[in-house]
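**Q**
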Amino acid sequence: MLAGFHFFTASALTLNLTNNLSLAFILGFLLHHLEDFLPHLDLNIYGESEKFSSIKNWTKEIWFLVIVEFFLFFLLTFYFLSYYPFNKKLIAFVGGIGSLFPDIISFSIKSFFPNFKLLKPYQKFHEKYHWRLKNKNYLIPFLVQGLIFLISLKFFSIR
1 MLAGFHFFTA SALTLNLTNN LSLAFILGFL LHHLEDFLPH LDLNIYGESE KFSSIKNWTK
61 EIWFLVIVEF FLFFLLTFYF LSYYPFNKKL IAFVGGIGSL FPDIISFSIK SFFPNFKLLK
121 PYQKFHEKYH WRLKNKNYLI PFLVQGLIFL ISLKFFSIR
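Here our numbering is used: the first residue of the sequence shown is 1, the next is one more, and so on.
#1: Given that a residue counts as buried once 16 or more other Cβ atoms are within 10 Å of its Cβ, and exposed if not, what is residue 28?
#2: Work out the CA separation of residue 127 and residue 120 for me, nearest whole Å.
#3: Would you mind giving the Cβ-Cβ distance between residue 4 and residue 107, rounded to the nearest angstrom? I have them listed as a contact below 8 angstroms.
#4: Which complete alpha helix (DSSP H) runs does the segment 67-132 hold, if anything under 4 residues is left out?
#5: With respect to the alpha helix (DSSP H) encompassing residue 136, which residues constitute its N-terminal and C-terminal limits?
#6: Within the same chain, show all residues whose beta-carbon is closer than 6 angstroms to that of residue 10, passing over the 5 residues directly before and after it, in chain order.
#7: Can you tell me which of 82, 14 and 41 puts its alpha carbon nearest to the alpha carbon of residue 131?
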C-alpha cells in the first residue's frame with residue numbers, strides 16, 4: 001500500500017480506538033505492518049525492481065503516483081475528519097503519522113544512509129513481511145484493499 005492509503009486507514013482506526021496520542025501513533029505504526037502483510041497494490045504494479053529501493057532511483061511515473069495517491073487520501077481523510085472535534089482530529093492525524101513511519105524509516109535509510117546499520121534489523125523485518133505481487137494478478141490485492149477501504153469508511157462514520 002502506498003502512504004496515503006496507510007494514512008487514511010490508520011486515521012480511521014485510531015479515531016475510534018483510542019484517545020491517547022502515543023497509543024494512536026503506535027497503533028498506526030502497527031497497522032502499517034499488518035496492511036503490508038496482506039495482499040495489496042503499491043509500487044509492485046511496476047514489477048520487482050531495484051529502482052524502488054531508493055527514492056533517488058524513482059522515475060517520474062513513480063513520483064507522480066506516490067504524490068497524487070498521498071494527496072488524494074490525505075484530502076479524503078480530512079474530509080471525513082471535518083465532522084469531528086479537534087481532539088479526535090488530532091488523534092486521527094497522529095495515528096496516520098504513525099502509519100507513515102515504517103516507510104519513512106526504510107526509505108530514508110535506503111536512500112540517504114545506506115551504511116547506517118542500527119536499523120538494518122528493522123528494515124529486514126519490514127521487507128520480509130511485505131506482501132509481493134506475483135504473476136501480475138491484481139484481483140486479490142484489489143479486493144483486499146477495497147475491503148480495507150470500506151472498513152475504514154465505516155470507522156469514519158462511527159461517532
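The beta-carbon is built from N, C-alpha and C at its ideal position, and this holds for glycine as well. None of these values were measured; they are calculated from a predicted model.
**A** On the basis of the data shown:
#1: The C-beta of residue 28 has 16 or more other C-beta atoms within 10 Å across all chains shown, which makes the residue buried.
#2: Residue 120 and residue 127: Cα-Cα distance of roughly 10 angstroms.
#3: Actually they do not touch by this definition, with Cβ atoms about 15 angstroms apart.
#4: Segments of the alpha helix (DSSP H) lying fully in the segment 67-132: 86-112 and 120-128.
#5: Taken as a continuous stretch (DSSP letters only), residue 136 belongs to no alpha helix (DSSP H), as it is neither H nor E.
#6: Its chain contains 28, 31, 95, 96 and 99 as the residues whose beta carbon lies nearer than 6 angstroms to that of residue 10, once the 5 sequence neighbours on both sides are disregarded; these appear in chain order.
#7: Comparing alpha carbon positions, the residue from 82, 14 and 41 closest to residue 131 is 41.
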